[in-house]
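K.L.:
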Amino acid sequence: MPYSNSPVFIPAQRVQNYHYAIRNIVGKALLQEQQGKKVTYLNIGDPILYGFQPPAELVAATVMAMEQGNNGYAPSAGRQDAVDAIAADAASRGIATSPEDVIITFGASEAADLVCTAMLNPGDEVLCPAPGYPLYSAIIAKLNARESRYRLDPANDWLPDPEEIERRITPRTKILVVINPNNPTGELYPAHILRELADIARRHRLLVITDEVYHKLVYEGTHIPLATFADSDVAVISFDSLSKNYMAPGWRVGWMIITNGHLVPDVRQAFLKLADARLCAPMAPQFAIQAAINLDNGYLDGVMARLHRQRDVTVRMLNTIDGITCNHPGGAFYVMGKIDLEHLPFSSDEDFVLRLLEEKQILFVHGSGFGTEPSEGFFRVVYLPGAETLERVYGELADFMNQFT
206 MPYSNSPVFI PAQRVQNYHY AIRNIVGKAL LQEQQGKKVT YLNIGDPILY GFQPPAELVA
266 ATVMAMEQGN NGYAPSAGRQ DAVDAIAADA ASRGIATSPE DVIITFGASE AADLVCTAML
326 NPGDEVLCPA PGYPLYSAII AKLNARESRY RLDPANDWLP DPEEIERRIT PRTKILVVIN
386 PNNPTGELYP AHILRELADI ARRHRLLVIT DEVYHKLVYE GTHIPLATFA DSDVAVISFD
446 SLSKNYMAPG WRVGWMIITN GHLVPDVRQA FLKLADARLC APMAPQFAIQ AAINLDNGYL
506 DGVMARLHRQ RDVTVRMLNT IDGITCNHPG GAFYVMGKID LEHLPFSSDE DFVLRLLEEK
566 QILFVHGSGF GTEPSEGFFR VVYLPGAETL ERVYGELADF MNQFT
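The numbering used here puts the first residue of the sequence shown at 206, with every later residue one more than the last.
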């Protein structure tokens, strides 16, 4: 029988309502480029697109590994020297762990997938920040679990309200996700908030995922690992990677660090079982992990000097545009801008983003792609391009806004 014109295979229901705004919106930008227009992409946090590169020491370690024949499978949990280096570095930052409680993964994204897959049954709940990184929404949807979003307050430096988090806990809640420094807001969490989050997990026997992949990219103050508040009675899994702290996103090397593994022995075994099934993370870049951890401060100082300058240009210029404000982030390379939808002729945050793209070929991401309400008017800006490019972009943005104010 010949096929009809109607689809034969239908995607699973779990993915019908999932959208990854950071990449999905690129299709609109590509249409602009097909018309011969040049688009400035400030939508995706890929430092390589904007001239950053990994430290030479990491490149050399990876190349040498390949030249010396290290091109086969690695152990499922990672090379022992790399795992030992990660555990020692974690201990130096106050994170209690052991090499047996470290698993190297295919980027921190796979770490999130392994943890959620090992922990969640259909209908189980995960507390996630809103706005937050949409990867977690995708993983939870894939597992037929339920995402319960707790609000980050823009009026309070985008910090969570621990009381609201506790109100959202039900008998099905299994995991609390914390992202610090935060993506998409760039905010850095203070000690008292982290302590309260650990206390909530303690009272309700929750596993804490703390996504700390930007922990070295901090402008003022100090990044405090949430696991330092775990004592001996809170199970915490910290995520880290080479992608952002060392500007090597395409290498896809991350890791999870388990604190208080004695509280989750069966779940830890499930992590390892899943890691065995997918064989391993990339072999050669694992040789760069020890080089990264032993790197002197010169590389990071240069990166942070540039990011600091670009952040300051962004905050200063966005806050001088009529109808727009933004926060003053403490880490990562994002800010959350806000347009005054009450007094401007945009129907939503996405309407603003798409009209700016159409008129000025500048691409941001609407805040509702990260979990804010479309009517709130938030948008995320990636300030990885050089200061000169950013000044031009924000000048174009001001010109765009002047027609409405």
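Backbone N, C-alpha and C define an ideal beta-carbon position, used for all residues, glycine too.
1) Given that a residue counts as buried once 16 or more other Cβ atoms are within 10 Å of its Cβ, and exposed if not, what is Met271?
2) Taking the alpha carbon of His397 as the point to measure from, which residue in Lys379, Thr433 and Met269 has its own alpha carbon closest?
3) Using 8 Å for Cβ pairs, my map puts Thr427 next to Ala301. What's the rounded Cβ distance?
4) Measure from the alpha carbon of Ile498 to the alpha carbon of each residue in Ala234, Pro260 and Pro534, then state which is nearest.
5) My output table needs one value for Gly582: the three-state DSSP class, helix, strand or coil.
6) Just to confirm my understanding: we take Gln566, look at its own chain, exclude 5 residues before and 5 after, and list those with CB closer than 7 Å. What are they?
7) For Gln515, count the other beta carbons within 10 Å of its own beta carbon; 16 or more makes it buried, fewer makes it exposed. Which is it?
8) Quick one: is Val268 buried, meaning 16 or more other Cβ sit within 10 Å of its Cβ, or exposed?
9) Report, in whole angstroms, the separation of the C-beta atoms of Gly582 and Asp545, which I expect to be a contact under 8 Å.
10) Taking all protein chains shown into account, decide if Lys449 is buried (16 or more other Cβ within 10 angstroms of its Cβ) or exposed.
11) Any idea if Lys543 is buried or exposed, counting beta-carbon neighbours within 10 angstroms, 16 or more meaning buried?
12) In whole angstroms, what separates the C-alpha of Leu595 from that of Ala475?
13) Can you look up Ala279 in the DSSP assignment and give me helix, strand or coil?
14) List the residues that DSSP assigns as beta-bridge partners of Ser353.
15) Go ahead and pull the three-state DSSP assignment for Phe605.
16) For Ser446, does the three-state DSSP call read helix, strand or coil?
17) Please report how far the alpha carbon of His571 lies from the alpha carbon of Arg560, in whole angstroms.
18) Rounded to the nearest angstrom, what separates Ile384 and Ala287 at their Cα positions?
19) Have a look at Ala480 and Gly337 and give me their C-alpha separation to the nearest angstrom.
20) Quick one: Cα of Pro365 to Cα of Ile529, how far?
21) So what does DSSP say about Tyr246, is it helix, strand or coil?
22) Would Leu447 and Leu263 be called neighbours here (beta carbons separated by less than 9 Å)?
23) When you compare the CB positions of Ala313 and Met461, do they come within less than 9 Å of one another, or not?
24) Run the CB neighbour count on Asp554, radius 10 Å, all protein chains shown included, and call it buried at 16 or more, exposed below.
25) Can you tell me which residues form a DSSP beta bridge with Ser341?
26) Leaving aside the five residues before and after Leu254 along the sequence, list all residues of the same chain whose C-beta is less than 8 Å from its C-beta, in chain order.
27) Roughly how many angstroms lie between the CA atoms of Pro304 and Leu568, to the nearest whole one?
28) Just checking my contact of Val587 with Ile249 at CB under 8 Å: how many whole Å lie between their CB atoms?
29) Taking contact to mean at least 3 C-beta pairs separated by less than 8 Å, is the segment 368-379 in contact with the segment 416-423?
30) Looking only at C-alpha atoms, which of Met509, Arg585, Val598 and Gly535 sits nearest to Met522?
31) So Asp518 packs on Met452, CB below 8 Å; how close in whole Å?
32) Give a yes or no on whether the C-beta atoms belonging to Val423 and Met324 are separated by under 9 Å.
33) Using the Cα positions of Asp438 and Arg407, report the straight-line distance between them to the nearest angstrom.
34) Return yes when the Cβ of Val441 is within less than 9 Å of the Cβ of Leu477, no when it is not.
35) Please name the residue in Ala537, Gly299, Ile526 and Asn532 whose C-alpha comes closest to that of Phe605.
36) Is it true that the CB of Pro550 sits closer than 9 Å to the CB of Phe492?
P.N.:
According to the data block:
1) exposed
2) Thr433
3) In fact, because the Cβ distance is near 19 Å, the residues do not count as touching under 8 Å.
4) Pro260
5) Coil at Gly582, not helix or strand.
6) Excluding sequence neighbours, Gln566 sits near Gln237, Lys242, Lys243, Val244 and Thr245.
7) Gln515 sits buried, since 16 or more C-beta atoms from the chains shown fall within 10 Å of its C-beta.
8) exposed
9) 7 Å
10) Counting Cβ neighbours within 10 Å, Lys449 comes out buried, since at least 16 surround it.
11) buried
12) 46 Å
13) coil
14) Leu332
15) helix
16) For Ser446, the three-state secondary structure derived from DSSP is strand.
17) 12 Å
18) Pairing Ile384 with Ala287, the inter-Cα distance amounts to about 24 Å.
19) 26 Å
20) 23 Å
21) Residue state, collapsed to three classes: strand.
22) yes
23) Their beta carbons are under 9 Å apart, which means Ala313 touches Met461 by this criterion.
24) Under this definition Asp554 is a buried residue.
25) For the sequence presented, residue 341 should be read as Tyr rather than Ser. Paired residue(s): none; Tyr341 is not in a bridge.
26) Tyr246 and Leu589
27) Taking the straight line from one Cα to the other gives about 42 Å.
28) Contact between Val587 and Ile249 is confirmed by a C-beta separation of about 6 Å, below the 8 Å threshold.
29) no
30) Val598
31) The question names Asp, yet the displayed sequence has Val at residue 518. Not quite, the Cβ-Cβ distance comes to about 20 Å (not below 8 Å), so this is no contact.
32) no
33) 7 Å
34) No, the Cβ-Cβ distance between Leu477 and Val441 is not below 9 Å.
35) Just measuring C-alpha positions, the residue of Ala537, Gly299, Ile526 and Asn532 sitting nearest Phe605 is Ile526.
36) no
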